[in-house]
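Reviewing the structure listed below.
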Amino acid sequence: MSETPDNGEAARRAAELRETIAYHNHRYYVLDAPEISDAEYDALLRELQALEHAHPDLVTPDSPTQRVGAPPLEAFEEARHELPMLSLGNVFSEAELLEFDRRVRERAGAAVAYVCEPKLDGLSVNLRYEDGVLVGAATRGDGRVGEDITVNVRTIRSVPLRLDSEEAPSLVEVRGEVVIRKSDFERLNARREREGERPFANPRNAAAGSLRQLDSRITARRPLTFFTFGVGACTATLAETHSGVLERLGDWGFRVNEHVQRVEDIDGCLAYYRWLLERRDELDYEIDGVVYKVDDLAVRERLGFTARAPRWAAAHKLPAREATTVVEDILPSVGRTGVITPVADLEPVEVGGVTVSRATLHNLDEVRRKDVRIGDTVMVRRAGDVIPEITAVVTERRPEGAEPWEMPGQCPVCGSEVIRLDDEAAHRCVGGLYCPAQRMGALLHFVSRRAMDIDGLGEKLVTQLVEREMVRTAADLYHLDARRLSGLERMGEKSAANLIAAIDASRETTLARFLYALGISHVGEVTAQTLAEHFGSLEAIMAADQEALEAVPDVGPVVAQSVAHFFAQPHNREVIEALREAGVHWPEPKTAPADEAPLAGKTFVLTGTLEGYTRDEARARVEALGGKVTGSVSGKTDYVVAGADPGSKRDKAEALGVTVLDEAAFRNLIGE
Numbered sequence: 075m076s077e078t079p080d081n082g083e084a085a086r087r088a089a090e091l092r093e094t095i096a097y098h099n100h101r102y103y104v105l106d107a108p109e110i111s112d113a114e115y116d117a118l119l120r121e122l123q124a125l126e127h128a129h130p131d132l133v134t135p136d137s138p139t140q141r142v143g144a145p146p147l148e149a150f151e152e153a154r155h156e157l158p159m160l161s162l163g164n165v166f167s168e169a170e171l172l173e174f175d176r177r178v179r180e181r182a183g184a185a186v187a188y189v190c191e192p193k194l195d196g197l198s199v200n201l202r203y204e205d206g207v208l209v210g211a212a213t214r215g216d217g218r219v220g221e222d223i224t225v226n227v228r229t230i231r232s233v234p235l236r237l238d239s240e241e242a243p244s245l246v247e248v249r250g251e252v253v254i255r256k257s258d259f260e261r262l263n264a265r266r267e268r269e270g271e272r273p274f275a276n277p278r279n280a281a282a283g284s285l286r287q288l289d290s291r292i293t294a295r296r297p298l299t300f301f302t303f304g305v306g307a308c309t310a311t312l313a314e315t316h317s318g319v320l321e322r323l324g325d326w327g328f329r330v331n332e333h334v335q336r337v338e339d340i341d342g343c344l345a346y347y348r349w350l351l352e353r354r355d356e357l358d359y360e361i362d363g364v365v366y367k368v369d370d371l372a373v374r375e376r377l378g379f380t381a382r383a384p385r386w387a388a389a390h391k392l393p394a395r396e397a398t399t400v401v402e403d404i405l406p407s408v409g410r411t412g413v414i415t416p417v418a419d420l421e422p423v424e425v426g427g428v429t430v431s432r433a434t435l436h437n438l439d440e441v442r443r444k445d446v447r448i449g450d451t452v453m454v455r456r457a458g459d460v461i462p463e464i465t466a467v468v469t470e471r472r473p474e475g476a477e478p479w480e481m482p483g484q485c486p487v488c489g490s491e492v493i494r495l496d497d498e499a500a501h502r503c504v505g506g507l508y509c510p511a512q513r514m515g516a517l518l519h520f521v522s523r524r525a526m527d528i529d530g531l532g533e534k535l536v537t538q539l540v541e542r543e544m545v546r547t548a549a550d551l552y553h554l555d556a557r558r559l560s561g562l563e564r565m566g567e568k569s570a571a572n573l574i575a576a577i578d579a580s581r582e583t584t585l586a587r588f589l590y591a592l593g594i595s596h597v598g599e600v601t602a603q604t605l606a607e608h609f610g611s612l613e614a615i616m617a618a619d620q621e622a623l624e625a626v627p628d629v630g631p632v633v634a635q636s637v638a639h640f641f642a643q644p645h646n647r648e649v650i651e652a653l654r655e656a657g658v659h660w661p662e663p664k665t666a667p668a669d670e671a672p673l674a675g676k677t678f679v680l681t682g683t684l685e686g687y688t689r690d691e692a693r694a695r696v697e698a699l700g701g702k703v704t705g706s707v708s709g710k711t712d713y714v715v716a717g718a719d720p721g722s723k724r725d726k727a728e729a730l731g732v733t734v735l736d737e738a739a740f741r742n743l744i745g746e
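Heads up, the sequence shown is in our numbering, so the first residue is 75 and it goes up one at a time.
Here is the structure:
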């Protein structure tokens, strides 16, 4: 049956789209170097989908449209590997690695070079390509027979559906690890929580579970990444070395780990191990060791295999990151911003070479989700230098009478009220001006440039003032004298005098700046300005209840709740009174009549770098003309002012139909 001209044109365009989309897939998912926006990519894919829908005979197995998943399977079929996927022998110490190298050199009859690779903590898979087209994919299974997961693997965008080469062998098994990268894992869990689903415990479990879904449409929604680490059966010689094979695989469109490195001898292996161990927490994927492989493939042939593992490779395990211990207590810890974090006191246990006696539980929701109770036996995981976390509870070993833990109603440090705002997972102490646990954070915010703007009071100096108990609250700053300050580290008489002058100058401020300086949760500069203009005086704001605060334009229930609870704390009011008595003052806010404020009611977003203004100067120009500046683009935004390198905010504005102004148009709008 001959093609009609329409079909011929459709076939040509479909082939062109498949090639273009495959190219951009490779740029995005393998090279991490996209050349087009998501919107442009989606438009190409939609065009191909429309063509294939109109002409079903144009659908090919390697079409990008086939990555969306297929109807659910009843069960996975068995899939036999052409060449077995054997396990690797493990070494756990430098001495064991040196012994491995001795055996290799003895059998090889000479020194050998190695290829060092991070041992990714995911799921090993075998991909079967025939004449360059992906025809099958399987889990490792018992090494000889795995589960057929072809429909799921087709959804992974870093897996080529067709090899990018005209010289592909008639058969090749490409092997590698499927993982979920840490950054993708965080976004995946955030999405699951928004959708009311339980978050995954760790990236490996999420990757393994995603690959073994009977419904591949679920797999298609998971951010899986495939890293190749070699080949199995192959009908052609790809290279003479393992490093050459990896280079060839990279040319075919596969993702090869960026930290693979060839070294000349075992000393190079040890140096690589130490180097990777230091950078373990910087990697965007979980690893549990280093794999060393003899590079020369002819030498590998001579070395051969044992019954279970190749003699030419070894996995050098990294220190364990998990251990089992007992929760002795759960204590509320108050941070510098007032957030109260439940922290588990643990029976000390060694994890990854470090003795661990505390673990974070993040927030009350997390305590309840994991159901951690005092006396529980738990699994503890340590990642880098951060405080460890509890990953699982061994409920079978729970002591009788263990009760669920509850957040206290009063701050354990200062006794102020503890609240949880409607849109937050965290509980907070609202005694921010007084609470000793928040002293450093509160003071540094109070003196910052956009708050009271006290030049010279940096973190090191504030730390000295707090540690020597010269300053307990912000009001104490106004009772410092040059003589006492000059006795501090790196503070001479001139520096002390300059600081006293800066403190004195800050006594004259504005109500909006003062409100912002108080550090009330959710009250930024714009909200502080709105409150000042609406109420006109601090007394009126302090007297307003939540209902009155919600009546203020752009002040929602969360902000109103935060402000009302803050001013309800007697300790906060005492500090504010002390600041007023120390001479901190401001004029009554003046608001221009609507007909004199050209930008009244207009909302702006500033993005990118402007040549003629700093971000603060541009904000001041807008606010002086009655406008408001916010940080995010929405349907309520009137203008987006875009300088150089504007980023995603400009794209969002254009998508929403919001007016975008360049710097010249902005100058014209504000009359400059």
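Yeah, the Cβ is synthetic: ideal placement off N, Cα and C, and Gly gets one too. Predicted model, so just to flag it, every value in this text is computed and none were measured.
Best match in Gly717, Lys723 and Gly700 for proximity to Gly709 [C-alpha to C-alpha]: Cα-wise, what sits closest to Gly709 is Lys723.
For Asn572, the three-state DSSP class (helix, strand or coil): helix
Nearest residue (CA-CA) to Phe640, options Gly412, Val487 and Leu288: Gly412
Per-residue DSSP class, three states only, for Ser431: Ser431 carries a strand assignment under DSSP once its states are collapsed to helix, strand and coil.
Spatial distance of Ala61 from Ala84 (CA atoms): An answer regarding residue 61 cannot be provided, because it is not within the stretch 75 to 746 covered by the chain.
Member of Glu424, Ser167, Leu435 and Thr429 whose CA lies at the smallest distance from the CA of Ala418: Sorting Glu424, Ser167, Leu435 and Thr429 by C-alpha distance to the C-alpha of Ala418 places Leu435 at the top.
Touch test, the region 327-344 against the region 156-164, Cβ-Cβ under 8 angstroms, three pairs minimum: no
Beta-carbon proximity list for Tyr713, same chain, < 6 angstroms, skipping 5 on both sides: Phe678, Thr733 and Leu735
Whether Lys534 touches Val365 by CB criterion (8 angstroms): no
Best match in Ala525, Asp529 and Asp619 for proximity to Glu599 [C-alpha to C-alpha]: Ala525
Within the region 349-435, ranges of the beta strand (DSSP E) (whole runs, at least 3 residues): 361-368, 387-391, 396-408, 413-425 and 428-434
Local conformation of Met514 per DSSP, three classes: helix
CA-to-CA distance, Pro138 to Gly304, given in whole angstroms: The C-alpha of Gly304 lies about 24 angstroms from the C-alpha of Pro138.
Sub-8 angstroms separation of Ser232 and Arg329 beta-carbons: yes
DSSP beta-bridge partners of Phe301: Glu251
With 16 other Cβ atoms within 10 Å as the buried cut-off, status of Thr688: exposed
Rounded distance between the beta-carbons of Val715 and Leu680, thought under 8 angstroms: 5 angstroms
Buried versus exposed, by CB contacts within 10 Å (16 or more), Phe259: buried
With 16 other Cβ atoms within 10 Å as the buried cut-off, status of Glu360: buried
Sub-8 angstroms separation of Leu371 and Thr315 beta-carbons: yes
7 angstroms CB neighbourhood of Arg278 in its chain, flanking five on each side removed: Asp195, Gly196 and Glu360
Contact check, Thr399 vs Leu420, beta carbons under 8 angstroms: yes
Burial state of Thr547 (16 or more Cβ within 10 Å): buried
Alpha-carbon to alpha-carbon, Arg455 and Thr429: Thr429 and Arg455: Cα-Cα distance of roughly 12 angstroms.
Extent of the continuous beta strand (DSSP E) run through Ser198: Leu197 to Glu204
Three-way DSSP call (helix, strand, coil) for Asp439 in this model: Of the three classes helix, strand and coil, the one that applies to Asp439 here is helix, per DSSP.
Residues sharing a beta bridge with Arg455, DSSP: Looking at the DSSP assignment, Arg455 forms a beta bridge with Glu396 and Glu463.
Three-state secondary structure assigned by DSSP to Tyr97: Helix.
Residue from Thr451, Pro406 and Glu180 whose Cα sits closest to the Cα of Val423: Comparing Cα positions, the closest option is Thr451.
For Asp690, the three-state DSSP class (helix, strand or coil): helix
Neighbourhood of Ile594 by C-beta, 8 angstroms cutoff - its chain only, sequence neighbours within 5 removed: Gly506, Ser636, Val637 and Phe640
For Glu746, the nearest candidate out of Arg695, Ala211 and Thr311 (CA to CA): Put simply, of Arg695, Ala211 and Thr311 the residue whose alpha carbon is nearest the alpha carbon of Glu746 is Arg695.
Arg502 (DSSP reduced to helix, strand or coil): strand
Ala169 versus Leu162 - alpha carbon distance: For Ala169 and Leu162, the distance between alpha carbons rounds to 18 angstroms.
Complete runs of the beta strand (DSSP E) confined to the region 624-683 [at least 3 residues]: 677-681, all fully within the region 624-683.
Cα-Cα separation between Val540 and Leu262, rounded to whole angstroms: 41 angstroms
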